[in-house]
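Protein sequences, first through last, are from chains A and B. Under our numbering, the first residue of the first sequence carries the number 1, and numbering increases by one thereafter. Under our numbering, the first residue of the second sequence carries the number 1001, and numbering increases by one thereafter. All C-beta atoms in this analysis are idealised placements derived from N, C-alpha and C, irrespective of residue type, glycine included. Single-structure report; data block below.
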Amino acid sequence: MQAVKMVITGPFSAGKTQFIGSVSEIDVVSTERKISSVAEKVKESTTVAMDFGRITVGDDLVLYLFGTPGQRRFDFMWDILSQGMLGFVVMVDSTKPETFREAKRILETFESYASTPFVVAANKQDQEDAWEPEDLRIILRLRPEVKILPCVATDKESVKNTLLELLYSILDQLDQENGN
Amino acid sequence: MALKGNLRDFSTTQLLNLINLARKTGTLSIQTDSESAQMSFREGKLIYAYMGNNNGNHLAQILQNSGKLSAEQAQVIQSHAEGKSDKEIGHLLVTARRVTQNDIIQSVRQYILDTVYKLFTWGEGFFRFDANKLPGSGYITIPIDLESVIMEGSRRLKEWEILQDELPDLDVALRFTDRPDARLRNINLTVEEWRVVSFVNPRNSIRQIAKANNLSDFEIRRIVYGMLQAGLVEFVNQPKPAADKKESAARPQKGAAEPSPAVKRSVVVRLIDRIRGL
Chain A
1 MQAVKMVITG PFSAGKTQFI GSVSEIDVVS TERKISSVAE KVKESTTVAM
51 DFGRITVGDD LVLYLFGTPG QRRFDFMWDI LSQGMLGFVV MVDSTKPETF
101 REAKRILETF ESYASTPFVV AANKQDQEDA WEPEDLRIIL RLRPEVKILP
151 CVATDKESVK NTLLELLYSI LDQLDQENGN
Chain B
1001 MALKGNLRDF STTQLLNLIN LARKTGTLSI QTDSESAQMS FREGKLIYAY
1051 MGNNNGNHLA QILQNSGKLS AEQAQVIQSH AEGKSDKEIG HLLVTARRVT
1101 QNDIIQSVRQ YILDTVYKLF TWGEGFFRFD ANKLPGSGYI TIPIDLESVI
1151 MEGSRRLKEW EILQDELPDL DVALRFTDRP DARLRNINLT VEEWRVVSFV
1201 NPRNSIRQIA KANNLSDFEI RRIVYGMLQA GLVEFVNQPK PAADKKESAA
1251 RPQKGAAEPS PAVKRSVVVR LIDRIRGL
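What follows is the structure, encoded as structure tokens:
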């Protein structure tokens, strides 16, 4: 059985757990804890080690989705989770400009871990206050070839589209490496 | 979609950079507990700005401030200006040969710039960008390139933390952007900034440029930050985030980014087919 891995990362409360939950065939295995900090009390619980989702492709192939913890004090997990990943998704809450700087820092950290393709998912695009993906491209200083995709983490089709775009980027990279 | 937030998280410099690069048209409103300001833009150029309440009728005051009218003249004009727009007043003043058209353009331009420069010192305040909202036809608007405004704004930055956050690694190199609209010649640079510009080269790290020009970490960061925000230069390699650098001693094996794991094309194609079918 071959297992391949993708990492879903991003700042605190960006929607990573929901993203995995929308497509995982098993209930997301979360290592969540109740939030005690008043400042972080925008949701009841948060991921402290990782989230884990699975999509079985066949008897011999399975895709694992790992969600990273968003809070800075758990960032020692990022390096561990990034090892051997096929690619990664950086989730950004498009309605929270106060998290954009942190998203940029996380993106740069993961880029330094591995030269694997990645996409940026501009989450919560169904909300009125959402910043447009192309504005986020400028703010995050994304290179033109990096895809930034409108996303709603609770919508399965939207999550599928994000994962597919990442896989197309992986395919493009493989073709380039093979000179096709 | 709205562009809303607080200057605490998103500085005036960054907002102007976004408006410039995205060539936005609309009006940016900023509100603090005690003050308010509005700036209008057309296709990424600043065209109008004012502080406080504005009824589109303050040309006399602007011309007085720039020394083109005396206080007495300004008062007389203001008292007869009821119901007239700045454009109409300007037309009357030029026709009456009180001032020239150039006097009006230069005075309004300076007023707009002074207003915007004040905003760079605001560390907090709610902002909102309303796309396609522009001043009425009676307002005098002057198109101003934002690159120079951003450079001047970055010269006023005093917050070390912001610069440290934006530019954690000085061991990266810079190059000029390929943007065809980057107009270095139209930007007013200081002598120090020109000296930095002359060293911009993919072979020179920011730290080396600072050393060659005898600039402190703060000074070089401020200059490079301004040039980055004005869209003049970009990093050759993405800088390593500060946290990553701190940890590098604990992770000596993680010097360079790891290559992608070996995976066959057929595996990726199967993954694509599976996710399509979900």
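Problem set entry | Secondary structure of residue 17(A), DSSP reduced to three states | Looking at residue 17(A) - three-state DSSP - the assignment turns out to be helix.
Exercise. Can you check whether the CB of residue 92(A) is closer than 8 Å to the CB of residue 130(A)?
Worked result: Against a cut-off of 8 Å, the Cβ pair of residue 92(A) and residue 130(A) comes out as no contact.
Problem set entry | Continuous beta strand (DSSP E) assignments of at least 3 residues falling wholly in the stretch 1055-1134 of chain B | Runs of the beta strand (DSSP E) inside the stretch 1055-1134 of chain B: 1126-1131.
Exercise. So, is residue 88(A) buried or exposed, given that buried needs 16 or more other C-beta atoms within 10 angstroms?
Worked result: By the neighbour-count rule (16 or more Cβ atoms within 10 Å), residue 88(A) is buried.
Exercise. Is it true that the CB of residue 1190(B) sits closer than 8 Å to the CB of residue 1120(B)?
Worked result: Not closer than 8 Å, so no.
Exercise. Going along the chain, which residues of its own chain have a beta-carbon closer than 7 Å to the beta-carbon of residue 1002(B), five neighbours each way excluded?
Worked result: Apart from the 5 residues on each side of it in sequence, residue 1002(B) sits with its Cβ closer than 7 Å to the Cβ of 1128 in its chain, given in chain order.
For this session: Flag this pair as yes or no: are the beta carbons of residue 170(A) and residue 117(A) separated by less than 8 Å?
Result: Their beta carbons are under 8 Å apart, which means residue 170(A) touches residue 117(A) by this criterion.
Exercise. Does DSSP classify residue 144(A) as helix, strand or coil?
Worked result: Look at residue 144(A) here: in three-state DSSP terms it is coil, with no helix or strand label.
Exercise. When the distance is taken between beta carbons, is residue 19(A) closer than 8 Å to residue 8(A)?
Worked result: Contact flag set, yes.
Exercise. Using the C-alpha atoms, what's the distance from residue 1018(B) back to residue 1097(B)?
Worked result: If I take the Cα positions, the gap works out to 41 Å.
Exercise. Does the distance from the C-beta atom of residue 90(A) to that of residue 165(A) stay below 8 Å?
Worked result: In this structure, residue 165(A) does not lie closer than 8 Å to residue 90(A) by Cβ.
For this session: Please list the partners that residue 97(A) has in chain B, where partner means a Cβ-to-Cβ separation under 9 Å.
Result: Simply 1003, 1004, 1005, 1006, 1009 and 1010.
Exercise. Is the beta carbon of residue 1062(B) less than 8 Å from the beta carbon of residue 1107(B)?
Worked result: For residue 1062(B) and residue 1107(B), yes; Cβs fall inside 8 Å.
Exercise. What distance in whole Å lies between the Cβ atoms of residue 1131(B) and residue 1025(B), which are believed to be in contact at a cut-off of 8 Å?
Worked result: Indeed they touch by this definition, with Cβ atoms about 7 Å apart.
Exercise. Going by other Cβ atoms of all chains shown within 10 Å of its Cβ, with 16 needed for buried, is residue 1008(B) buried or exposed?
Worked result: Around the beta carbon of residue 1008(B), fewer than 16 other beta carbons lie within 10 angstroms, which makes this residue exposed.
Exercise. Thinking just about the alpha-carbon of each residue, which of 1265(B), 1225(B) and 1143(B) is nearest to the one in residue 1041(B)?
Worked result: Taking only the C-alpha atoms, the option nearest residue 1041(B) is 1143(B).
Problem set entry | Spatial neighbours of residue 1077(B) in its chain, beta-carbon cut-off 6 Å, leaving aside the 5 residues before and after | These residues qualify, in order along the chain: 1060.
Exercise. Nearest CA to the CA of residue 1175(B): which residue from 1203(B), 1104(B) and 1088(B)?
Worked result: Checking every option, the nearest Cα to that of residue 1175(B) belongs to 1203(B).
Problem set entry | DSSP three-state assignment for residue 133(A), whether helix, strand or coil | DSSP places residue 133(A) in helix when its eight states are reduced to three.
For this session: Give the single residue among 1016(B), 1156(B), 1021(B) and 1274(B) whose Cα lies nearest to the Cα of residue 1039(B).
Result: Checking every option, the nearest Cα to that of residue 1039(B) belongs to 1016(B).
Problem set entry | Where the stretch 116-134 of chain A meets chain B: residues whose CB sits under 7 Å from a CB there | Within the stretch 116-134 of chain A, the qualifying residues are 116, 128, 129, 130, 131, 132 and 134.
Problem set entry | CA nearest to the CA of residue 159(A), picked from 23(A), 144(A) and 76(A) | Closest by C-alpha distance to residue 159(A), out of 23(A), 144(A) and 76(A), is 23(A).
For this session: Tell me, please, whether the CB atom of residue 54(A) is closer than 8 Å to any CB atom in chain B?
Result: Not a single CB atom of chain B sits nearer than 8 Å to the CB of residue 54(A).
Exercise. Residue 1196(B) and residue 1235(B) look like a contact to me (Cβ under 8 Å); what is the Cβ gap, rounded to whole Å?
Worked result: With a Cβ gap of about 15 Å, residue 1196(B) and residue 1235(B) do not count as contacting.
Problem set entry | Listed by chain order, chain B residues near residue 2(A) by CB distance under 8 Å | Residues of chain B with a Cβ closer than 8 Å to the Cβ of residue 2(A) are, in chain order, 1267.
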